[in-house]
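Working notes, structure below.
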Amino acid sequence: DEDNDRRILSDIHSKLAVMETKRGRPESAEHHLQVALSHALALNDSSKIIEVHADYADALFREEDFQAALPIYERGIGFCNPAKFPVEYYTFIHGIGKTHLHLGHVKASERHLLKALNGLKRHEARPRLYALELSLSKLYARTGDWTRFQNHLKRSEEYKAAELESNELATI
Numbered sequence: 213d214e215d216n217d218r219r220i221l222s223d224i225h226s227k228l229a230v231m232e233t234k235r236g237r238p239e240s241a242e243h244h245l246q247v248a249l250s251h252a253l254a255l256n257d258s259s260k261i262i263e264v265h266a267d268y269a270d271a272l273f274r275e276e277d278f279q280a281a282l283p284i285y286e287r288g289i290g291f292c293n294p295a296k297f298p299v300e301y302y303t304f305i306h307g308i309g310k311t312h313l314h315l316g317h318v319k320a321s322e323r324h325l326l327k328a329l330n331g332l333k334r335h336e337a338r339p340r341l342y343a344l345e346l347s348l349s350k351l352y353a354r355t356g357d358w359t360r361f362q363n364h365l366k367r368s369e370e371y372k373a374a375e376l377e378s379n380e381l382a383t384i
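So the sequence shown is numbered by our numbering: it starts at 213 and just counts up by one.
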């Protein structure tokens with residue numbers, strides 16, 4: 213059916229956008245992003261729209277194209293109703309915060325990272341809290357606040373250990 217075809221096409225073009233980002237082809241990546249989004253929008257599928265933005269923004273971030281990643285994270289958050297998609301909403305906030313850190317915007321980074329921390333803690337998103345605590349430790353290492361650096365690094369390690377233990381228990 214047409215909806216299923218749109219879902220498949222959205223997935224394919226989303227993956228192509230990520231692949232083209234890795235290949236250093238921003239125009240092609242942007243084209244595939246737009247095609248993926250057009251299919252997701254036609255479906256009126258919020259979770260697909262959110263996923264497409266997250267995958268593309270994360271790919272840009274991994275390629276260290278922070279100037280390009282920031283507006284994609286910001287655009288993606290516009291599709292996240294925090295009541296319906298709270299973990300995704302705060303994950304976008306985290307993306308915005310870590311991108312600001314790489315752009316040298318320390319205050320904006322701290323504001324976003326702390327907002328994401330509060331939100332993800334409320335929703336007990338442990339796997340995401342590991343990465344967020346690690347981002348906060350990097351922020352405080354950069355500012356020279358060694359006490360906060362150590363606190364957040366320790367918490368990130370605790371979340372990681374708890375997640376590894378949880379995964380190990382799931383295989384039993």
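Ideal placement from N, C-alpha and C gives every residue a C-beta, glycine not left out.
Through-space distance from residue j to residue i, alpha-carbon basis
i, j, result
"L325", "S378", "25 Å"
"N363", "E300", "25 Å"
"C292", "T233", "24 Å"
"K327", "E345", "12 Å"
"H243", "L332", "32 Å"
"R354", "L228", "35 Å"
"T359", "S349", "10 Å"
"I261", "R274", "20 Å"
"A295", "R334", "12 Å"
"Y352", "L272", "24 Å"
"I284", "K366", "31 Å"
"E322", "D357", "12 Å"
"R237", "S226", "14 Å"
"D213", "I220", "11 Å"
"E336", "F361", "22 Å"
"G290", "L313", "21 Å"
"G288", "A373", "30 Å"
"N256", "I224", "18 Å"
"A320", "E239", "29 Å"
"E276", "R235", "13 Å"
Within 8 Å, strictly: CB atoms of residue i and residue j
i, j, result
"S222", "A248", "yes"
"T311", "L282", "yes"
"R218", "A254", "yes"
"V264", "A252", "yes"
"S347", "F297", "no"
"I308", "E286", "yes"
"V230", "Y268", "yes"
Assumed close pair residue i, residue j - CB separation to whole angstroms, cut-off 8 Å
i, j, result
"Y371", "L329", "That belief does not hold up - the Cβ atoms of Y371 and L329 are roughly 11 Å apart, past 8 Å."
"L245", "F278", "About 17 Å; that fails the 8 Å criterion."
"E369", "R338", "The pair is not a contact, with the Cβ atoms about 13 Å apart (cut-off 8 Å)."
Checklist entry - Can you list the alpha helix (DSSP H) stretches of 4 or more residues lying completely in the segment 288 to 340, in chain order? => result 298 to 314, 318 to 334
Next on the checklist: As an exercise, report each continuous alpha helix (DSSP H) stretch of at least 4 residues that is fully enclosed by the segment 247 to 296, in chain order.
Outcome noted: 258 to 274, 278 to 289
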